[in-house]
Ligand SMILES: Nc1ncnc2c1ncn2[C@@H]1O[C@H](COP(=O)(O)OP(=O)(O)OP(=O)(O)O)[C@@H](O)[C@H]1O
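Residue numbers (the UniProt record's numbering): 1 to 276.
Here is the structure:
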């Protein structure tokens, strides 16, 4: 069976630059997994996601998504019980689509992209992101607009979801629910998520793989369950946030104090949800 994503010997260069943005990328992403892409600004994360989505043409190397060339006209997978888009890419330019500032009602907007056809899924997303169908786009806050956008972006099921940091405007509840939803999706149907982010709160239990990109190269790929452990004691002795784990290639991460649980509890209280 084909993998969610299979990349072989991929090197990609923008015409304006001497050095390639991506070098010798080899990557295999199985089904039913969540992968985090971690790297500095300019490391190559967005370029990789855009190539996987078919937004850039790949000339050197081979990319297959669900066994298909992402640049080919076939964008739907009708092989399973549900009709799926092969990839959904939600990135920076998607965040700035014009419609989000127009004087248009949410229901009208969702109907225009097939809400009736994906009603069950749409209702789940609307409920999850606490969107009110009577809202009008031009009167919303940035985070409310982003929540509506996410419903639009996730309405049609996909095989591979490529998320390029689109959660910065979300409050901690919306982000937490979105991450839970994506986890549930990958556990209940044939799909996978690749997520490039600089925000790590709430992700400690989330990924299956963590990929470190530096200077356009994949420098490390950790199998989360096998290669990553959290330790409160060992690292304190060495005063290092990350130390080598017990097996070669694995890492032990110091427990980090984070305000994320507190903010989540406060905001859950604010909207009347039970806190743990
Ligand atoms: N449209 C473009 N034209 C030319 N060069 C580009 C273009 N987009 C990105 N690059 C270059 O490709 C390299 C990788 O950029 P990319 O956007 O993939 O990084 P990134 O890891 O997503 O960074 P960030 O964390 O800032 O989003 C950078 O050196 C950048 O200057």
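The beta carbon of each residue, even a glycine, is placed where N, CA and C say it ideally should be.
Between residue 55 and residue 12, the beta carbon gap of about 12 angstroms keeps them out of contact (Cβ cut-off 8 angstroms). Cβ contact annotation for residue 102 (same chain, cutoff 7 angstroms, sequence separation greater than five): 137 and 138, in chain order.
For the stretch 182 to 247, the full-length alpha helix (DSSP H) segments reaching 4 residues or more read 224 to 227 and 234 to 238 along the chain. In its chain, beyond the 5 residues on either side, 227 have a beta carbon closer than 7 angstroms to the beta carbon of residue 249. Distance between residue 131 and residue 241, taken at the CA atoms: about 39 angstroms. Residue selection by CB proximity (closer than 6 angstroms to any heavy atom of ligand 1) returns 14, 16, 17, 21, 39, 41, 42, 43, 44, 45, 46 and 47 in chain order.
Listed in chain order, the non-local C-beta contacts of residue 43 below 8 angstroms within the same chain comprise 213, 214, 215 and 216, local neighbours out to five positions each way being set aside. The stretch 191 to 204 makes contact with the stretch 30 to 45, as at least three CB pairs between them are under 8 angstroms. When secondary structure is reduced to three states using DSSP, residue 31 falls in the coil class, being assigned neither helix nor strand.
For residue 52, the number of other beta carbons within 10 angstroms of its own is at least 16, and it is reported as buried. Separation of residue 59 and residue 22 (C-alpha to C-alpha, rounded to the nearest whole angstrom) is 12 angstroms. A residue is called buried when at least 16 other Cβ atoms come within 10 angstroms of its Cβ; residue 205 does not meet this threshold and is exposed. Note that the C-beta distance between residue 27 and residue 61 is not below 8 angstroms. Note on the stretch 9 to 56: whole alpha helix (DSSP H) runs with a minimum of 4 residues are 45 to 53, in chain order. Excluding five sequence positions before and after residue 165, the CB atoms of its chain that fall closer than 7 angstroms to its own CB belong to 196, 197 and 198, given in chain order. Collapsing the DSSP output to three states places residue 108 in a helix. The residue from 140, 185, 135 and 184 with its alpha-carbon nearest to that of residue 170 is 140.
Restricting attention to 73, 150, 86 and 68, the CA atom closest to the CA of residue 94 is found in 150. Checking the DSSP bridge columns, you'll see residue 252 partnered with 229 and 243. For residue 87, the beta-bridge partners assigned by DSSP are 160. Annotation for residue 125: the continuous alpha helix (DSSP H) segment containing it runs 119 to 128.
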